[in-house]
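What follows is a short report on a single structure.
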Amino acid sequence: MNIVLLSESDFTGDNRAVITDRRLEHLYNVLNVKQGDTLKIGLVNGQMGIGTVECFNDKECVLAVDFNSTPPEALPCTLVIALPRPKTLKRSLEAAVAMGVKRIFIIGSYRVEKSYWSSPVLSSEYLHKLSILALEQSCDTILPEIHIRKLFRPFVEDELPLISRDAKAIIAHPYAPSFSMMVAAEDKQKVVLVIGPEGGFIPFEINLLEKQGCITVSFGSRILRVEQAVPAILSKLF
(Lines of atoms letter the chains of each structure in order from A and count residues from 1; the text may use other names and numbers.)
(Lines give C-alpha, C1' and ligand atoms only; values in the text may rest on other atoms or scores of the structure.)
Protein backbone atom coordinates (compact mmCIF):
# COMPACT_ATOMS: atom_id res chain seq x y z
CA MET A 1 0.00 0.00 0.00
CA ASN A 2 1.71 3.15 -1.25
CA ILE A 3 -1.28 5.40 -0.66
CA VAL A 4 -4.13 5.18 1.85
CA LEU A 5 -7.36 5.41 -0.13
CA LEU A 6 -10.30 6.90 1.74
CA SER A 7 -13.99 6.75 0.87
CA GLU A 8 -16.74 9.13 1.95
CA SER A 9 -17.87 6.66 4.62
CA ASP A 10 -14.50 7.01 6.41
CA PHE A 11 -15.09 10.67 7.26
CA THR A 12 -16.39 11.85 10.61
CA GLY A 13 -16.01 15.55 9.72
CA ASP A 14 -14.75 17.84 7.01
CA ASN A 15 -11.11 16.98 7.60
CA ARG A 16 -11.18 13.90 9.85
CA ALA A 17 -11.22 10.27 8.73
CA VAL A 18 -11.22 7.06 10.77
CA ILE A 19 -9.78 3.77 9.48
CA THR A 20 -10.84 0.50 11.11
CA ASP A 21 -10.58 -2.21 8.42
CA ARG A 22 -7.78 -4.08 6.57
CA ARG A 23 -5.99 -0.77 5.99
CA LEU A 24 -5.51 -0.45 9.75
CA GLU A 25 -3.85 -3.84 9.88
CA HIS A 26 -1.48 -2.83 7.08
CA LEU A 27 -0.62 0.46 8.78
CA TYR A 28 0.06 -1.40 12.02
CA ASN A 29 1.93 -4.50 10.82
CA VAL A 30 3.68 -3.28 7.67
CA LEU A 31 4.18 0.47 7.94
CA ASN A 32 4.60 0.61 11.74
CA VAL A 33 2.63 3.84 11.89
CA LYS A 34 2.78 5.99 15.03
CA GLN A 35 0.91 9.01 16.26
CA GLY A 36 2.20 12.13 14.53
CA ASP A 37 3.26 10.34 11.35
CA THR A 38 2.15 11.66 7.98
CA LEU A 39 0.78 9.40 5.27
CA LYS A 40 0.10 9.83 1.58
CA ILE A 41 -3.68 9.69 1.18
CA GLY A 42 -6.29 9.95 -1.54
CA LEU A 43 -10.04 10.15 -1.84
CA VAL A 44 -11.50 7.51 -4.15
CA ASN A 45 -12.31 9.29 -7.43
CA GLY A 46 -10.98 12.51 -5.90
CA GLN A 47 -7.85 14.37 -4.89
CA MET A 48 -4.67 13.27 -3.15
CA GLY A 49 -2.95 14.76 -0.15
CA ILE A 50 -1.46 14.17 3.28
CA GLY A 51 -3.00 12.57 6.35
CA THR A 52 -1.57 13.25 9.80
CA VAL A 53 -2.08 10.49 12.37
CA GLU A 54 -3.85 12.00 15.39
CA CYS A 55 -4.70 8.75 17.13
CA PHE A 56 -3.51 5.22 16.46
CA ASN A 57 -4.25 1.95 18.26
CA ASP A 58 -5.32 -1.60 17.46
CA LYS A 59 -8.94 -0.49 16.90
CA GLU A 60 -8.68 2.66 14.78
CA CYS A 61 -6.50 5.22 13.09
CA VAL A 62 -7.72 8.82 13.12
CA LEU A 63 -6.35 11.05 10.38
CA ALA A 64 -6.41 14.81 9.93
CA VAL A 65 -6.58 15.09 6.16
CA ASP A 66 -5.42 17.76 3.73
CA PHE A 67 -6.17 17.22 0.05
CA ASN A 68 -3.85 19.36 -2.03
CA SER A 69 -2.93 17.57 -5.26
CA THR A 70 -4.44 15.81 -8.25
CA PRO A 71 -4.00 12.12 -9.13
CA PRO A 72 -1.63 11.12 -11.94
CA GLU A 73 -2.79 11.51 -15.50
CA ALA A 74 -4.57 8.49 -16.96
CA LEU A 75 -3.27 6.63 -19.99
CA PRO A 76 -5.26 7.61 -23.08
CA CYS A 77 -5.98 3.93 -23.65
CA THR A 78 -9.04 1.70 -23.74
CA LEU A 79 -8.13 -1.94 -23.14
CA VAL A 80 -10.23 -4.63 -24.79
CA ILE A 81 -9.26 -8.06 -23.50
CA ALA A 82 -10.79 -11.42 -24.34
CA LEU A 83 -11.57 -13.22 -21.10
CA PRO A 84 -8.60 -15.38 -20.03
CA ARG A 85 -8.60 -17.81 -17.09
CA PRO A 86 -9.57 -16.07 -13.83
CA LYS A 87 -6.09 -15.94 -12.27
CA THR A 88 -4.70 -14.49 -15.48
CA LEU A 89 -7.51 -11.94 -15.65
CA LYS A 90 -6.77 -10.83 -12.10
CA ARG A 91 -3.09 -10.22 -12.86
CA SER A 92 -3.86 -8.54 -16.18
CA LEU A 93 -6.37 -6.12 -14.67
CA GLU A 94 -4.06 -5.29 -11.77
CA ALA A 95 -1.31 -4.39 -14.23
CA ALA A 96 -3.59 -2.34 -16.47
CA VAL A 97 -5.17 -0.37 -13.62
CA ALA A 98 -1.82 0.24 -11.94
CA MET A 99 -0.46 1.61 -15.21
CA GLY A 100 -3.33 4.07 -15.55
CA VAL A 101 -5.88 2.44 -17.88
CA LYS A 102 -9.32 3.83 -17.01
CA ARG A 103 -11.62 1.99 -19.43
CA ILE A 104 -11.56 -1.78 -19.86
CA PHE A 105 -13.81 -4.14 -21.80
CA ILE A 106 -13.71 -7.86 -21.03
CA ILE A 107 -15.15 -9.67 -24.03
CA GLY A 108 -15.98 -13.14 -25.24
CA SER A 109 -14.38 -14.87 -28.22
CA TYR A 110 -14.26 -18.33 -29.77
CA ARG A 111 -11.38 -19.60 -27.60
CA VAL A 112 -12.76 -18.28 -24.30
CA GLU A 113 -13.77 -21.17 -22.03
CA LYS A 114 -17.44 -20.91 -21.14
CA SER A 115 -16.73 -21.88 -17.54
CA TYR A 116 -14.67 -18.69 -17.06
CA TRP A 117 -17.84 -16.57 -17.17
CA SER A 118 -19.02 -18.04 -13.86
CA SER A 119 -15.88 -16.95 -12.00
CA PRO A 120 -16.37 -14.69 -8.95
CA VAL A 121 -13.52 -12.56 -10.32
CA LEU A 122 -16.09 -11.04 -12.70
CA SER A 123 -18.40 -9.88 -9.92
CA SER A 124 -18.67 -6.12 -9.46
CA GLU A 125 -17.55 -6.48 -5.83
CA TYR A 126 -14.38 -8.36 -6.76
CA LEU A 127 -13.52 -6.02 -9.64
CA HIS A 128 -13.92 -3.04 -7.30
CA LYS A 129 -11.66 -4.62 -4.66
CA LEU A 130 -9.05 -5.51 -7.28
CA SER A 131 -9.13 -1.97 -8.66
CA ILE A 132 -8.67 -0.46 -5.20
CA LEU A 133 -5.63 -2.64 -4.55
CA ALA A 134 -4.10 -1.62 -7.89
CA LEU A 135 -4.71 2.07 -7.17
CA GLU A 136 -3.12 1.69 -3.73
CA GLN A 137 -0.06 0.19 -5.39
CA SER A 138 0.31 2.91 -8.02
CA CYS A 139 -0.67 5.97 -5.92
CA ASP A 140 -3.78 6.78 -7.90
CA THR A 141 -7.37 7.51 -6.87
CA ILE A 142 -9.52 7.26 -10.01
CA LEU A 143 -11.37 3.97 -10.40
CA PRO A 144 -11.52 2.43 -13.87
CA GLU A 145 -14.70 1.62 -15.75
CA ILE A 146 -14.78 -2.15 -16.32
CA HIS A 147 -17.40 -3.48 -18.75
CA ILE A 148 -18.24 -7.11 -19.53
CA ARG A 149 -19.41 -8.15 -23.00
CA LYS A 150 -19.92 -11.89 -23.50
CA LEU A 151 -20.82 -11.75 -27.21
CA PHE A 152 -17.93 -11.01 -29.55
CA ARG A 153 -19.64 -10.02 -32.80
CA PRO A 154 -22.22 -7.58 -31.37
CA PHE A 155 -19.47 -5.86 -29.39
CA VAL A 156 -17.13 -5.54 -32.37
CA GLU A 157 -19.78 -4.40 -34.85
CA ASP A 158 -21.94 -2.21 -32.63
CA GLU A 159 -19.70 -0.81 -29.86
CA LEU A 160 -16.11 -0.93 -31.04
CA PRO A 161 -16.61 1.66 -33.83
CA LEU A 162 -17.84 4.15 -31.23
CA ILE A 163 -15.11 3.26 -28.74
CA SER A 164 -12.36 3.62 -31.34
CA ARG A 165 -13.62 6.83 -32.88
CA ASP A 166 -10.74 9.34 -33.02
CA ALA A 167 -8.38 6.66 -31.70
CA LYS A 168 -5.76 4.30 -33.07
CA ALA A 169 -7.12 0.74 -32.68
CA ILE A 170 -4.50 -2.01 -32.41
CA ILE A 171 -4.88 -5.79 -32.22
CA ALA A 172 -1.96 -7.49 -30.50
CA HIS A 173 -1.47 -10.70 -32.49
CA PRO A 174 1.75 -12.76 -32.46
CA TYR A 175 1.45 -13.85 -36.09
CA ALA A 176 0.92 -10.39 -37.57
CA PRO A 177 3.62 -8.19 -39.17
CA SER A 178 6.24 -6.98 -36.73
CA PHE A 179 5.86 -3.97 -34.51
CA SER A 180 6.65 -0.63 -36.08
CA MET A 181 7.34 2.59 -34.25
CA MET A 182 4.59 4.05 -36.43
CA VAL A 183 2.20 2.16 -34.19
CA ALA A 184 3.48 3.75 -31.01
CA ALA A 185 1.10 6.30 -29.56
CA GLU A 186 1.85 9.93 -30.20
CA ASP A 187 1.62 12.36 -27.31
CA LYS A 188 -1.96 12.42 -25.94
CA GLN A 189 -3.19 10.17 -28.76
CA LYS A 190 -6.03 7.85 -27.84
CA VAL A 191 -5.43 4.14 -28.34
CA VAL A 192 -7.71 1.13 -28.23
CA LEU A 193 -5.62 -1.95 -27.47
CA VAL A 194 -7.26 -5.31 -28.24
CA ILE A 195 -5.69 -8.44 -26.74
CA GLY A 196 -6.97 -11.91 -27.52
CA PRO A 197 -7.53 -14.92 -25.27
CA GLU A 198 -5.02 -17.66 -24.51
CA GLY A 199 -4.44 -19.15 -27.94
CA GLY A 200 -5.28 -15.88 -29.68
CA PHE A 201 -8.15 -14.74 -31.85
CA ILE A 202 -9.25 -17.02 -34.70
CA PRO A 203 -8.96 -15.68 -38.30
CA PHE A 204 -12.67 -14.82 -38.49
CA GLU A 205 -12.34 -12.61 -35.39
CA ILE A 206 -9.21 -10.91 -36.71
CA ASN A 207 -10.98 -10.17 -40.00
CA LEU A 208 -14.02 -8.75 -38.21
CA LEU A 209 -11.84 -6.51 -36.05
CA GLU A 210 -9.88 -5.30 -39.08
CA LYS A 211 -13.13 -4.41 -40.85
CA GLN A 212 -13.75 -1.97 -38.00
CA GLY A 213 -10.43 -0.25 -38.68
CA CYS A 214 -8.17 -2.13 -36.27
CA ILE A 215 -4.49 -2.62 -37.16
CA THR A 216 -3.09 -6.10 -36.49
CA VAL A 217 0.41 -5.95 -35.05
CA SER A 218 2.97 -8.28 -33.52
CA PHE A 219 5.02 -6.85 -30.68
CA GLY A 220 7.87 -9.31 -31.02
CA SER A 221 8.85 -12.88 -31.82
CA ARG A 222 8.08 -14.15 -28.31
CA ILE A 223 4.56 -15.24 -27.47
CA LEU A 224 3.64 -13.89 -24.05
CA ARG A 225 0.97 -14.85 -21.58
CA VAL A 226 -1.90 -12.38 -21.38
CA GLU A 227 -0.81 -11.01 -18.00
CA GLN A 228 2.68 -10.44 -19.43
CA ALA A 229 1.43 -8.98 -22.69
CA VAL A 230 -0.72 -6.28 -21.06
CA PRO A 231 2.07 -4.37 -19.26
CA ALA A 232 4.65 -5.12 -21.96
CA ILE A 233 2.53 -3.70 -24.78
CA LEU A 234 1.32 -0.72 -22.78
CA SER A 235 4.96 0.12 -22.05
CA LYS A 236 5.85 -0.03 -25.74
CA LEU A 237 2.89 2.10 -26.76
CA PHE A 238 3.27 4.79 -24.10
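Each step along the sequence shown adds one to the number in the numbering used here, with nothing skipped, and position 67 is 67. Virtual Cβ for every residue (Gly too), placed ideally from N, Cα, C. For clarity, every value in this text was computed on a predicted model and none was experimentally measured.
C-alpha distance - residue i paired with residue j, whole-angstrom precision
{"i": "Leu193", "j": "Gly13", "result": "42 Å"}
{"i": "Pro174", "j": "Pro197", "result": "12 Å"}
{"i": "Ile106", "j": "Ser92", "result": "11 Å"}
{"i": "Leu79", "j": "Val112", "result": "17 Å"}
{"i": "Leu24", "j": "Asn57", "result": "9 Å"}
{"i": "Ala98", "j": "Leu143", "result": "10 Å"}
{"i": "Ala17", "j": "Lys190", "result": "37 Å"}
{"i": "Leu135", "j": "Thr88", "result": "19 Å"}
{"i": "Leu83", "j": "Gly36", "result": "46 Å"}
{"i": "Val226", "j": "Cys77", "result": "17 Å"}
{"i": "Pro203", "j": "Leu6", "result": "46 Å"}
{"i": "Met181", "j": "Lys102", "result": "With a pLDDT of only 45 at Met181, under 50, the local geometry of the prediction cannot be trusted, and no value is derived from it."}
{"i": "Arg222", "j": "Cys61", "result": "48 Å"}
{"i": "Lys34", "j": "Lys59", "result": "14 Å"}
{"i": "Asp158", "j": "Pro86", "result": "26 Å"}
{"i": "Asn29", "j": "Ile206", "result": "49 Å"}
{"i": "Ser164", "j": "Leu237", "result": "16 Å"}
{"i": "Ile148", "j": "Phe11", "result": "32 Å"}
{"i": "Thr38", "j": "Thr52", "result": "4 Å"}
{"i": "Asp166", "j": "Ser123", "result": "31 Å"}
{"i": "Lys90", "j": "Tyr126", "result": "10 Å"}
{"i": "Asn45", "j": "Asp140", "result": "9 Å"}
{"i": "Ser119", "j": "Gly100", "result": "25 Å"}
Per DSSP, the bridge partner or partners of residue i
{"i": "Leu39", "result": "Gly51"}
{"i": "Leu4", "result": "For the record, residue 4 in the displayed sequence is Val; it is not Leu. Val4 pairs with Ile41."}
{"i": "Ile81", "result": "Ile106 and Ile195"}
{"i": "Val30", "result": "Paired residue(s): none; Val30 is not in a bridge."}
{"i": "Ala17", "result": "Phe11 and Leu63"}
{"i": "Lys168", "result": "Val191"}
{"i": "Val217", "result": "Ala172"}
{"i": "Ser69", "result": "Met48"}
{"i": "Phe56", "result": "Cys61"}
Cβ pair residue i, residue j closer than 9 Å
{"i": "Leu31", "j": "Met1", "result": "yes"}
{"i": "Leu63", "j": "Val4", "result": "yes"}
{"i": "Cys214", "j": "Ile146", "result": "no"}
{"i": "Asp66", "j": "Gly49", "result": "yes"}
{"i": "Pro72", "j": "Ser131", "result": "no"}
{"i": "Phe219", "j": "Leu209", "result": "no"}
{"i": "Asn15", "j": "Gln47", "result": "no"}
{"i": "Phe152", "j": "Tyr110", "result": "yes"}
Inter-residue CB distance, residue i and residue j (contact presumed, cutoff 8 Å)
{"i": "Pro154", "j": "Gln212", "result": "Rounded, the Cβ-Cβ distance is 12 Å, inconsistent with contact."}
{"i": "Ala95", "j": "Val230", "result": "5 Å"}
{"i": "Lys150", "j": "Gly108", "result": "4 Å"}
{"i": "Ile104", "j": "Ile195", "result": "Contact doesn't hold; Cβ gap of about 11 Å is too wide."}
Check: residue i C-beta below 8 Å from any heavy atom of the ligand GDP
{"i": "Glu227", "result": "The model depicted lacks the ligand GDP and carries no ligand whatsoever."}
- Query: For the stretch 99-129, which segments carrying the beta strand (DSSP E) assignment without a break, of at least 3 residues, lie completely within its bounds, in sequence order?
  - Reply: For secondary structure counted as the beta strand (DSSP E) over 3 or more consecutive residues, the stretch 99-129 holds these complete runs in sequence order: 103-107.
- Message: Restricting to runs no shorter than 3 residues, where is the beta strand (DSSP E) found entirely within the stretch 133-162?
- Response: 145-149
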